[in-house]
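Each protein sequence line maps, in turn, to chains A and B.
For what it's worth, the numbering used here labels the leading residue of the first sequence as 47, then goes sequentially.
For what it's worth, the numbering used here labels the leading residue of the second sequence as 8, then goes sequentially.
Even glycine gets a Cβ: it sits at the ideal position worked out from N, Cα and C.
Quick caveat: nothing in here was measured; it's all calculated off a predicted structure.
These notes concern the structure reproduced below.
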Amino acid sequence: MAEFAVELRDVSKRFPGPSGEIVNAVREVTLQIKDGEFFSMLGPSGCGKTTSLRMIAGFELPTSGEVYIHGKPMGQTPPYQRPVNTVFQNYALFPHMTIGENVGFGLEMKGVPKAQRTARVQQALAMVRLPGYEARRSRQMSGGQQQRVALARALVNHPEVLLLDEPLGALDFKLRKEMQLELKRLQREVGITFVYVTHDQEEALTMSDRIAVMSGGRVLQVGPAFEIYERPNCRFVADFIGESNFLDATVQDVQGPTATVTLTGGLTVYANTDLSLTRGQAVTVAVRPEKVGLRPYEGAQNAFPGRVEEIVYIGTDTHYSVMLNGDQRLRVREQNEDPYSRPLANPGDAVTVYFDQAAARVLTE
Amino acid sequence: MKTDALRRWLRIWGTREAYQGLLLVAPTLLWMTALLIIPLLLTVVISFGGRDANGDVVYGFSLANYLRLLDPLYVGILWRSVVLAFQTTVLVILVAFPIAYFVARAPAGRRNAYLFLILVPLWTNFVIRIYAWIMILRTQGVLNGVLGWAAGLIGLPFQPLDLYPSPGAVLVGMLYEFLPFMILPIFTSLEKIDESLFEAAADLGANAVRTFLRVTLPLALPGMVAGTILVFVPVMGSFIVSDILGGRNVVLVGNLIQRQFLDARDPAFGSAASIILMAMTLVVTIIYTRRFGFGEEIVRA
């Protein structure tokens, strides 16, 4: 029972909207978050990830369904009695208290004696690399430092689960990168289950053991970063995580994992599938741009002639927009390995695009 | 700080910038000089003088007026004024806080409506509003009427309460009069508190009471400090409320000053009392702000 740190069973949350309509923020979400895991809920704004997190924290109560923490149903348990702590998006440090008082607040509420408190606060601040900052005030600190204080304030209580609500959203790019690694290090160090909410796919891919991709209040796919990226189970996931070409097609034949499909323009594509497909079924073929090349190579199952419409140089790579014979557009991403970054083709050039059967994935949703 | 300002001033002396600055402050400067600084200096000068048989001011230099204030009668009046100002301030804070809290936590759309309702009474003349309290508090008034009716319903004997005129009536009048001046600054402080701070407190194990004591109250302190100054200072000098609701029994320093100028025709003594009132208010305010600041330290965060 208690093998999961957090479990959501059929959890739904409905709000009355601003004009009286009912908003289904979260719809029948079932999730199992393992003990000691770095788990991310990823999705665009309004997908229900923050509401789900707030239901774990107890700031919101589910309309139906139940939240379990280490096997215990939370029911109406108020936030101050739940064995979790939260790192808020805007840090939510108490402006009238020193950093030391902020970090020690949770321990003080639990009735930990002062001497012990001081030692633990000191330890927690050292852990987030802010040793000796006890006497400062939050307004004297940078955003990154405040973020670390917020982390220390939560972790010092040794929560069973740490909830993080887009904690890096307000930081600039460089600092965010730094903090991502820092968070991952901290999580390994303390071994506490982290539930992390973000709309930034790269952040989720970098840090998480597993990711739940959410949209429209539902969980679409749960899995490790590799699985989510390489084997998306629907068009939304393939599109939201990274970039994908979507080609409309009809199933011709299925032989084990190999599906033969015909694109609407008439080209025949070999693609991988783990779905049970029927001949004549309308499907979508998803192909990642970086898995398509303009350079011929041995053993490419798919090779199609086309014409370059547009090229975009983005530093490390160049993007080529290729119109295939038969009216389907394909984005191709080639690394600029050439020392002078000379493009492989120019707009208007006739080219052939190559990709593996394994690079193409059949999706039905 | 001061030398910085002086240095800056010297640097721009005679430049266009200086003239522009002077032009901008000129109206205020004239106003303050004509209507505040000169009258204040006149009051100081007159307070050292005396009066002739007609009640006109005789200029001179004597401390007689100030020494006269040491008479137990006047010391009592001064003391009563300070005590009443303290009582009013404390009472106003106690009543204003829940109202301010309610308004601050109301849905954003309704807040303005509530603030409007709080300010509406100020549209009616101050004296009329205080007279209205006589209708409520007097022996045959609204309050006794309601109480008598209620007592009659449950069959209890009822003796009308002797509420007006009395020091208690003055306190009620003061409370009523100065309530908005405390509600507004406390509301401003409370409204500024980020909702997530309450959630953070709950998240860290604080129940509603502890969240209130450790987060809400300290963060509302700047508003209470500002409100205290806005209430304490005018109460110290007020004379209308005590005049109307206190009868002749409740004499405050404000009444004393008013009577010296109008009834007793002794402006010199009235001026001395005014100067002492100002000095007392200043001392209390300085001690208070030294202790609590103006609260801006916390607000700035």
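Check, Outcome
"Within-8 Å CB hit, A:N279 to chain B", "no"
"Range covered by the alpha helix (DSSP H) that runs through A:I357", "A:I357 -> not in any alpha helix (DSSP H); beta strand (DSSP E) instead, spanning 348-359."
"A:P62 - partner residues in DSSP beta bridges", "A:I68"
"B:E304 versus B:L228 - alpha carbon distance", "Confidence is the limiting factor: at B:E304 the pLDDT is only 45, short of 50, which leaves the residue's position unreliable, though a coordinate-based value still follows. Cα to Cα, B:E304 sits roughly 11 Å from B:L228."
"Runs of beta strand (DSSP E) lying entirely within the region 95-119 of chain A, each at least 3 residues, in chain order", "110-115"
"Cβ of A:G152 within 8 Å of any chain B Cβ", "yes"
"Any C-beta of chain B under 8 Å from that of A:K220", "no"
"Near-chain B residues of the region 141-172 of chain A - C-beta to any C-beta below 7 Å", "P141, H142, F151, G152, M155, K156"
"Against chain E: residues of the region 202-224 of chain B by CB proximity under 7 Å", "Note that chain E does not occur in the displayed structure, where the protein chains are A and B."
"Opposing strand residues paired with B:G148 [DSSP bridges]", "Paired residue(s): none; B:G148 is not in a bridge."
"Minimum Cβ-Cβ distance from B:L226 to chain A less than 8 Å", "yes"
"Same chain only: Cβ atoms within 6 Å of B:T96, ignoring 5 sequence neighbours per side", "T235, V238, F239"
"8 Å Cβ cutoff, A:T132 in contact with chain B", "yes"
"8 Å contact criterion, which A:V413 and A:L340 should meet: CB distance rounded", "Since the displayed chain A opens at 47 and closes at 411, residue 413 of chain A lies outside it and no answer follows."
"Where the alpha helix (DSSP H) through A:F286 begins and ends", "281-286"
"Delimiting residues of the beta strand (DSSP E) encompassing A:D294", "291-301"
"Nearest residue (CA-CA) to B:D273, options B:L43, B:L42, B:V64", "B:V64"
"Residue from A:F105, A:R73, A:V354, A:P303 with nearest C-alpha to A:A396", "A:V354"
"Any chain B beta carbon closer than 8 Å to A:N348", "no"
"Cβ-based burial, A:I115 [other Cβ within 10 Å; buried from 16]", "buried"
"Interface residues of the region 107-125 of chain A facing chain B [CB-CB below 8 Å]", "P124, P125"
"Option nearest B:L76 by Cα separation, candidates B:F68, B:W86, B:G67", "B:W86"
"Boundaries of the beta strand (DSSP E) in which A:M369 is found, first to last residue", "363-370"
"DSSP-derived helix/strand/coil call for B:G57", "strand"
"Inter-residue Cα distance where the pair is B:G56 and B:F299", "39 Å"
"Nearest-angstrom Cα separation, counted from B:P105 out to B:L70", "48 Å"
"Against chain B: residues of the region 209-234 of chain A by CB proximity under 8 Å", "none"
"The region 62-75 of chain A contacting the region 84-103 of chain A, beta-carbon criterion three pairs below 8 Å", "yes"
"Three-pair Cβ contact test at 8 Å for the region 141-156 of chain B versus the region 188-208 of chain B", "no"
"Neighbour flag for A:A103 against chain B, beta carbons, 8 Å", "yes"
"Beta carbon proximity, A:A406 to chain B, threshold 8 Å", "no"
"Close Cβ partners of A:I357 (< 8 Å) along its chain, the five nearest in sequence each way excluded", "T364, H365, Y366, S367, P389, A391, N392, P393"
"Under the three-state DSSP convention, the category B:A213 falls into", "coil"
"Euclidean distance between Cα positions of A:N131 and A:S184", "19 Å"
"Exposure of A:Y242, with buried meaning 16 or more beta-carbon neighbours within 10 Å", "buried"
"Per DSSP, the bridge partner or partners of A:Q374", "A:L370"
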